[in-house]
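Numbering (my numbering), first residue to last: 4 to 297.
Report on the structure given below.
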Amino acid sequence: MSKPTLTDLNAFKAVAEQRSFRRAADLMGVSRSSLSHTVRTLERRLGTRLLHRTTRSVSLTESGERLLQRLGPLLGELDTLLEEASSHEGKLTGRLRINGSEAAIRLLLQRVVPQFLALHDAVELDLVAEGRLVDIVEQGFDAGVRLREAVPKDMIAIPIGGDLRFLAVASPGYLKGKPILETPGQLALHRCIRQRLPSGKLYRWEFQKHDQEVLADVPGAMTLDSSQLMVEAAADGLGIAYVPESYAHAYLREGKLVTVLEDWCPHIPGLHLYYPNNRHVPPSLRAFIDLLRE
Numbered sequence: 004m005s006k007p008t009l010t011d012l013n014a015f016k017a018v019a020e021q022r023s024f025r026r027a028a029d030l031m032g033v034s035r036s037s038l039s040h041t042v043r044t045l046e047r048r049l050g051t052r053l054l055h056r057t058t059r060s061v062s063l064t065e066s067g068e069r070l071l072q073r074l075g076p077l078l079g080e081l082d083t084l085l086e087e088a089s090s091h092e093g094k095l096t097g098r099l100r101i102n103g104s105e106a107a108i109r110l111l112l113q114r115v116v117p118q119f120l121a122l123h124d125a126v127e128l129d130l131v132a133e134g135r136l137v138d139i140v141e142q143g144f145d146a147g148v149r150l151r152e153a154v155p156k157d158m159i160a161i162p163i164g165g166d167l168r169f170l171a172v173a174s175p176g177y178l179k180g181k182p183i184l185e186t187p188g189q190l191a192l193h194r195c196i197r198q199r200l201p202s203g204k205l206y207r208w209e210f211q212k213h214d215q216e217v218l219a220d221v222p223g224a225m226t227l228d229s230s231q232l233m234v235e236a237a238a239d240g241l242g243i244a245y246v247p248e249s250y251a252h253a254y255l256r257e258g259k260l261v262t263v264l265e266d267w268c269p270h271i272p273g274l275h276l277y278y279p280n281n282r283h284v285p286p287s288l289r290a291f292i293d294l295l296r297e
């Protein structure tokens, strides 16, 4: 029996983690048919089936589960070893994968990425922006970027960008002739633009004044899943939106929006880059973190 190649093992790992030949092929930059052939070759070499395939899904066999459990850490260590070997020559190489929200990735692109690529042009940055919170270890990421409250407790977290604030905003036109807002409870008298989270749940607006906290399930005839769209809808007079201050800043400066309940809108810990505390940190991630701290 010929031994499996590193290409075979990486192909299996990608399909097993993604539970999809299509997503794994996109991730690896190969065709689905080529990836399927590679995995079948691996199964033939090992003499066992690793994946259950249907037209709609992919799942692991018992043998596949055992192989993936041992293979992930080994390939991760191999990548780190190769990266460290090349870095001894003074040049970082390899791929650095970071997952985060769209706002988080945008912040990295503005503040860190240009300088990082200028210093380490042989490193491939793979930045994935998505709303849903993923397990970065399971999905093969080196790090993630989320609000501090969303970072798993077993991760090392590094602040970037400082604290942030959510603001309730509306257009002057919408507020004209409407009841004055002094407490979150009075939002029941208004039309609000609600937000649907990536999980599918509706976001309940969080307010705090001194020691008093209020979680408001606001009324509204419209729900959106984008802070940018919510700001635009509010500027068009469609209701009150509750969004990160950075999204509303330009509209507030131009007078298209004004804040309401501002004394109920506290600052909260902002975005943090995080990574597992029980793994060796790859040199490329360490270099990225050093730039963040600078």
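Note that beta-carbon positions come from the ideal geometry of N, C-alpha and C, so glycine has one too.
On a predicted model such as this, the values are computed, not experimentally measured, just so you know.
Nearest-angstrom Cα separation, counted from residue j out to residue i
{"i": "R98", "j": "A219", "result": "43 Å"}
{"i": "R232", "j": "R73", "result": "The residue asked about is misnamed: residue 232 is Leu in this sequence, not Arg. Their backbone Cα atoms lie some 44 Å apart in a straight line."}
{"i": "A19", "j": "S229", "result": "31 Å"}
{"i": "I139", "j": "Y250", "result": "26 Å"}
{"i": "P269", "j": "P247", "result": "11 Å"}
{"i": "A153", "j": "Q189", "result": "29 Å"}
{"i": "R49", "j": "K6", "result": "The question names Arg, but residue 49 is Leu in the sequence shown. So the alpha carbons of these two residues sit roughly 8 Å apart."}
{"i": "Q113", "j": "T41", "result": "39 Å"}
{"i": "G258", "j": "L110", "result": "25 Å"}
{"i": "M37", "j": "E105", "result": "Here the sequence assigns Ser to residue 37, which means Met is not the residue at that position. Computed Cα separation, rounded: 32 Å."}
Expected contact under 8 Å - CB spacing of residue i and residue j to nearest Å
{"i": "L95", "j": "H123", "result": "5 Å"}
{"i": "N280", "j": "I159", "result": "5 Å"}
{"i": "I161", "j": "A132", "result": "At roughly 19 Å, the Cβ-Cβ gap does not stay under 8 Å, so I161 and A132 are not in contact."}
{"i": "Q118", "j": "L294", "result": "6 Å"}
{"i": "R149", "j": "L274", "result": "7 Å"}
{"i": "A244", "j": "P222", "result": "That belief does not hold up - the Cβ atoms of A244 and P222 are roughly 13 Å apart, past 8 Å."}
{"i": "T51", "j": "S66", "result": "5 Å"}
{"i": "L241", "j": "I183", "result": "That belief does not hold up - the Cβ atoms of L241 and I183 are roughly 20 Å apart, past 8 Å."}
{"i": "L255", "j": "T226", "result": "The pair is not a contact, with the Cβ atoms about 23 Å apart (cut-off 8 Å)."}
Residue of the options minimising C-alpha distance to residue i
{"i": "V263", "options": "P187, A224 and H213", "result": "P187"}
{"i": "P285", "options": "V61, A146 and A17", "result": "A146"}
{"i": "Y277", "options": "P269, W267, T226 and I292", "result": "I292"}
{"i": "R43", "options": "D11, K156, L71 and H213", "result": "D11"}
{"i": "I163", "options": "R26, L128, S23 and R151", "result": "R151"}
{"i": "P325", "options": "L260, T41 and R199", "result": "Only positions 4 to 297 of the chain appear in the structure, and residue 325 is not among them; the question remains open."}
{"i": "F210", "options": "R59, L53 and W267", "result": "W267"}
{"i": "V61", "options": "F24, L110 and M31", "result": "F24"}
{"i": "A238", "options": "R69, V172, R100 and M31", "result": "V172"}
{"i": "S202", "options": "D157, L136, A106 and D214", "result": "L136"}
{"i": "L71", "options": "T57, R199 and R22", "result": "R22"}
{"i": "A290", "options": "L130, L45, L120 and L9", "result": "L120"}
{"i": "E127", "options": "K181, R100 and F169", "result": "R100"}
{"i": "L288", "options": "R35, R59, D129 and P272", "result": "D129"}
{"i": "L301", "options": "G134, L45, G32 and L9", "result": "A query on residue 301 cannot be resolved here, the shown segment of the chain reaching from 4 to 297 and no further."}
Bridge-paired residues (DSSP) for residue i
{"i": "P279", "result": "M158"}
{"i": "K212", "result": "Q215"}
{"i": "R98", "result": "E127"}
{"i": "V148", "result": "G103 and L276"}
{"i": "I183", "result": "BP columns for I183 are empty, so no partner."}
{"i": "L192", "result": "In the DSSP output, where bridge partners are listed per residue, L192 has none listed."}
{"i": "F169", "result": "P247"}
I'd like the ranges of any beta strand (DSSP E) spanning at least 3 consecutive residues and lying wholly in the region 231-282. 244-247, 261-263 and 274-279
Can you give, in chain order, each stretch of the beta strand (DSSP E) that sits fully within the region 16-70 and has at least 3 residues? 54-56 and 61-63
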